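Single-structure report; data block below.
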Amino acid sequence: LTFTGCFALIVSVCILWESLVFDPAEVLYTYQSPPGYLLAAIHIPIWFYFVVSCLRTGMVHRRKAHFYLSLGCFFSLWLLALPIILIAANTALQDWIRLKTVTLVEQAVRVAGYIYMVVVFVPTHTNKHFPFHLRVTQVMSLNDKGQD
260 LTFTGCFALI VSVCILWESL VFDPAEVLYT YQSPPGYLLA AIHIPIWFYF
310 VVSCLRTGMV HRRKAHFYLS LGCFFSLWLL ALPIILIAAN TALQDWIRLK
360 TVTLVEQAVR VAGYIYMVVV FVPTHTNKHF PFHLRVTQVM SLNDKGQD
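Going by the numbering used here, the first residue of the sequence shown is number 260, and it counts up by one from there.
Written as structure tokens, this is what we have:
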């Protein structure tokens, strides 16, 4: 299986495990159970794979090394946020506030990742950090060829 296939299999098993085995009286939220711990722990090998991929790609495409460095730094925080917040929440927070805090931080990190992607992949103001080989000025619209 590929890396993505293994990830999908593990997540599917965790979701199935949650739906069949969870007792709502004992488990307050998903990440307070063995499948939840596994879902959080899988972020670590994903992070490692991502960092190695960014480093390799940055070495091959030297002109875009700054882009891959910033992408690697930001998404390292993004991928490691869930395991870090779960460790902090399970050790420092009381049960009655843990679910809301973890959910709030998880959603805030997710939104921050989406905003980062939107900002990085907009090729308008400068092409310096845009990761692709074409410049915006090199792209010709269909109307320039006489087509409507």
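Glycine is no exception: its CB is placed at the ideal position from the N, C-alpha and C atoms.
A quick note: this is a predicted structure, and the numbers were derived from the prediction, not measured.
Secondary structure of L328 (DSSP, three-state): helix.
Put simply, of L298, A284 and F326 the residue whose alpha carbon is nearest the alpha carbon of I274 is L298. A straight-line Cα-Cα distance of about 20 angstroms links L352 and P283. For P283, no alpha helix (DSSP H) encloses it, and the DSSP letter there is neither H nor E. In this structure the stretch 303-322 does not touch the stretch 368-376; the number of beta carbon pairs closer than 8 angstroms is below three.
The DSSP-derived three-state label of Y288 is coil. DSSP places R321 outside any alpha helix (DSSP H), giving it a letter other than H or E. In the structure shown, V381 adopts coil according to DSSP, grouped into three states.
Put simply, the backbone Cα of Y327 is about 19 angstroms away from that of A340.
In the structure shown, I303 adopts helical secondary structure according to DSSP, grouped into three states. Look at L352 here: in three-state DSSP terms it is coil, with no helix or strand label.
Around the CB of G264, fewer than 16 other CB atoms lie within 10 Å, so the residue is classed as exposed.
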